[in-house]
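In UniProt numbering, the protein residues as written are 1 to 180.
Laid out in structure tokens, this is it:
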């Protein structure tokens with residue numbers, strides 16, 4: 001099986017699965033190493049397929065054509081809930097959190113916060129003391145991919161975040177490294 005056929009098979013397996021599919025499982029099914037699967041996943045993403053890595057495996061996010069935008073933000077831990085409420089109250093979803101760590105480079109974690117309830121559940125987990133936010137490793141600086149039904153909604157969210165002082169201009173590297 002050539003590389004393109006293998007990548008098509010990965011897409012097919014992940015799409016048909018009702019649960020996240022581990023890289024190890026994919027490697028076994030395709031008789032390749034896990035590193036080959038990781039490389040294939042990167043190439044699949046580069047070709048525009050919204051395949052996401054979770055702590056349980058790979059999923060394909062079928063988003064129904066939502067618009068996406070990367071934002072840069074900075075705030076204190078006490079302001080996290082306000083930032084998330086600002087996004088969801090204006091019709092958006094905070095899909096993830098990304099930091100640019102000096103040692104680890106880009107670190108990304110899914111959020112999928114699309115309601116006040118989701119935001120509160122996230123904050124309860126953080127406030128339990130068992131975990132810290134990624135942005136705590138970068139003095140509050142972080143990025144989100146936010147999604148909404150249309151660009152106008154994303155504009156409203158961005159304007160609200162600017163008004164609250166959370167929004168920052170994007171760094172040049174971000175648009176090259178992380179196309180939305």
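A virtual CB, placed ideally from N, CA and C, is assigned to each residue, including glycine. All figures in this text were calculated on a predicted structure; none of them were measured in a lab.
(message) Is any non-hydrogen atom of the ligand GDP found closer than 7 Å to the C-beta of residue 120, if you look at the structure I gave you?
(response) Among the components modelled here there is no ligand, and therefore nothing to report on the ligand GDP.
(request) Could you check the C-alpha separation between residue 79 and residue 46 for me, to the nearest Å? (result) 34 Å
(request) Note down the Cα distance separating residue 94 from residue 85, rounded to an integer number of angstroms. (result) 10 Å
(message) Using the three-state DSSP reduction, which class does residue 66 fall into: helix, strand or coil?
(response) coil
(request) Please confirm whether residue 101 and residue 138 have their CB atoms less than 8 Å apart. (result) Contact flag set, yes.
(message) Would residue 227 and residue 60 qualify as a contact pair, given that the criterion is a beta-carbon distance under 8 Å?
(response) Since the first and last residues shown for the chain are 1 and 180, residue 227 lies out of range.
(request) Jot down the residue ranges of each uninterrupted alpha helix (DSSP H) in the segment 128-162, minimum 4 residues, whole runs only, in chain order. (result) With a minimum length of 4 residues, no continuous alpha helix (DSSP H) run stays inside the segment 128-162.
(request) Just tell me which of 141, 76, 124, 129 has its CA closest to the CA of residue 98. (result) 141
(message) Classify residue 117: buried if its beta carbon has 16 or more other beta carbons within 10 angstroms, exposed otherwise.
(response) exposed
(message) Using only the alpha-carbon positions, how far apart do residue 67 and residue 167 sit?
(response) 19 Å
(request) Return the chain-ordered list of same chain residues with a C-beta closer than 7 Å to the C-beta of residue 114, the five sequence neighbours on each side being excluded. (result) 88, 93
(request) State whether the segment 5-12 contacts the segment 29-39, with contact taken as three or more CB pairs (one from each stretch) at a distance under 8 Å. (result) Enough Cβ pairs lie closer than 8 Å, so yes.
(message) I need the DSSP call for residue 26, collapsed to helix, strand or coil.
(response) helix
(message) On a Cα-Cα basis, can you pick out the residue from 104, 29, 19, 156 that is closest to residue 56?
(response) For the residues 104, 29, 19, 156, the minimum Cα distance to residue 56 belongs to 19.
(request) Specify the secondary structure class of residue 170 as computed by DSSP and reduced to three states. (result) Residue 170: coil per DSSP, three-state reduction.
(request) Return the CA-CA distance between residue 150 and residue 123, expressed in angstroms with no decimal places. (result) Their Cα atoms are separated by approximately 27 Å.
(message) Classify residue 145: buried if its beta carbon has 16 or more other beta carbons within 10 angstroms, exposed otherwise.
(response) buried
(request) Going by CA-CA distance only, name the one from 30, 1, 83 that's closest to residue 13. (result) 30
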